[in-house]
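If you're matching positions, the sequence shown starts at 565 in my numbering and goes up one per residue.
Ideal placement from N, C-alpha and C gives every residue a C-beta, glycine not left out.
Read the structure below first, then the notes.
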Amino acid sequence: MSESSTHAGSLTLHSPERASLERHRPGLRERKKQQTRTRIIDVALQLCDAQGFDATTVEQIADAADVSPRTINRYFDSKEAIVIAPIEDMGRALADQLRAQPITGNELQALLDAFMAVVEQVIEGDNPLPFHWFQQMQRITQSNATVRAESLSAADTKTLSMTTVLAERLRTDPNAMPVRMISATWHAIVRIGMECEFDASSEFPDCSSASTARELIDNVVAAYEEYTRSCALPVATAATGPR
565 MSESSTHAGS LTLHSPERAS LERHRPGLRE RKKQQTRTRI IDVALQLCDA
615 QGFDATTVEQ IADAADVSPR TINRYFDSKE AIVIAPIEDM GRALADQLRA
665 QPITGNELQA LLDAFMAVVE QVIEGDNPLP FHWFQQMQRI TQSNATVRAE
715 SLSAADTKTL SMTTVLAERL RTDPNAMPVR MISATWHAIV RIGMECEFDA
765 SSEFPDCSSA STARELIDNV VAAYEEYTRS CALPVATAAT GPR
């Protein structure tokens with residue numbers, strides 16, 4: 565008899581299939597917590613983007629999300645933390661994709677490939693997070709110096725899962741210099757790609773902030789190629805050239 569059988573028109577799973585599904589499916593309480601967190605982020609980004617970060621209060625966010633300010637404080641320790649929360653979600657998704665990349669010795673390329681895989685997931689179904697979150701977060705951080713500073717300082721801690729996988733691939737510690745260097749470089753490439761801060765002398769003078777997920781991929785790839793052209797290759801050439 566097969567491991568699974570059909571009973572009364574429905575599929576009945578038997579062990580180990582059922583055990584595997586139950587092991588990987590979050591419990592009801594955890595799912596509700598995640599739904600509440602997602603709703604708070606979504607509402608906060610909408611309000612801060614529409615009426616300004618400083619003009620938006622935690623009380624307004626709580627009212628629109630149908631929760632209490634106290635509930636928001638259990639999930640986030642500041643209004644800034646809500647706005648930059650997508651960085652943490654992106655870090656987890658990127659870590660999952662990075663773990664699946666082949667080890668070739670070029671971890672920046674592996675990060676780029678992992679990033680493109682995550683954005684493809686977003687394109688296919690707003691998973692693991694909706695693309696409009698990136699757009700809203702980008703506009704808010706560009707218009708508010710406090711949030712921008714918070715997003716810059718939080719990059720390393722909010723992407724701990726990514727740096728952990730990176731350390732595993734390099735067979736070293738997450739605090740080791742190679743991990744920190746690659747991680748910092750990657751953050752810079754993504755930030756420039758998202759904001760598209762190419763100057764007039766760049767190969768991409770007409771680049772603008774991404775309005776679609778496809779444009780986000782193109783912009784980050786362009787930033788990666790610019791980094792390789794203007795930073796990595798000149799250094800490598802100088803290091804191997806005649807002395």
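- Item | Own chain, CB closer than 7 angstroms to isoleucine 636, minus 5 neighbours either side, in chain order | Ile604, Val622, Ile625 and Ala626
- According to DSSP, is glycine 655 helix, strand or coil? helix
- Message: By alpha-carbon positions, which one of Gly669, Leu609, Glu594 and Arg656 ends up nearest to arginine 733?
- Response: Gly669
- Task: From the DSSP output, in three-state form, read off arginine 603 for me.
- Result: helix
- Enumerate, from N- to C-terminal direction, the unbroken alpha helix (DSSP H) stretches of 4 or more residues contained entirely within the stretch 657-713. 671-689 and 695-707
- Query: By DSSP, does valine 631 sit in helix, in strand, or in coil?
  - Reply: coil
- Cβ neighbour criterion (16 or more within 10 Å) applied to serine 765: Residue confidence for serine 765 is low, a pLDDT of 43 falling below 50, so the modelled location carries little weight; the figure read from the coordinates is stated next. So serine 765 counts as exposed.
- Message: Beta-carbon within less than 7 angstroms of phenylalanine 695's beta-carbon, same chain only, minus the 5 sequence neighbours each way: which residues are those?
- Response: Val686 and Ala777
- Put asparagine 637 into one of helix, strand or coil per three-state DSSP. helix
- Item | Through-space distance from valine 743 to aspartate 606, alpha-carbon basis | 32 angstroms
- Counting Cβ pairs closer than 8 angstroms, one from the stretch 780-791 and one from the stretch 676-684, do we hit at least three? yes
- Item | Reference glutamine 665; option with closest CA among Leu730, Ser707 and Leu693 | Leu730
- Task: Determine the contact status of asparagine 783 and methionine 745, defining contact as a CB-CB distance below 8 angstroms.
- Result: no
- Task: Please report how far the alpha carbon of alanine 532 lies from the alpha carbon of proline 692, in whole angstroms.
- Result: Absent from the model: residue 532. The displayed extent of the chain is 565 to 807, so no value can be given.
- Task: Go to aspartate 737, then tell me how far its alpha helix (DSSP H) extends in each direction, as first and last residue.
- Result: Careful: aspartate 737 lies outside any alpha helix (DSSP H) and carries neither H nor E.
- Leaving out the 5 sequence neighbours to the left and right, which residues in its chain are closer than 7 angstroms to tryptophan 750 when beta-carbon positions are compared? Leu672 and Leu675
- Beta-carbon separation (whole angstroms), threonine 727 vs serine 707, contact threshold 8 angstroms: Not confirmed; about 29 angstroms, so no contact.
- Message: Within 10 Å of its beta-carbon, does arginine 793 have 16 or more other beta-carbons around it, so buried, or fewer, so exposed?
- Response: exposed
- Minimum C-alpha distance to aspartate 618 - residue among Val711, Ala796 and Gly655: Val711
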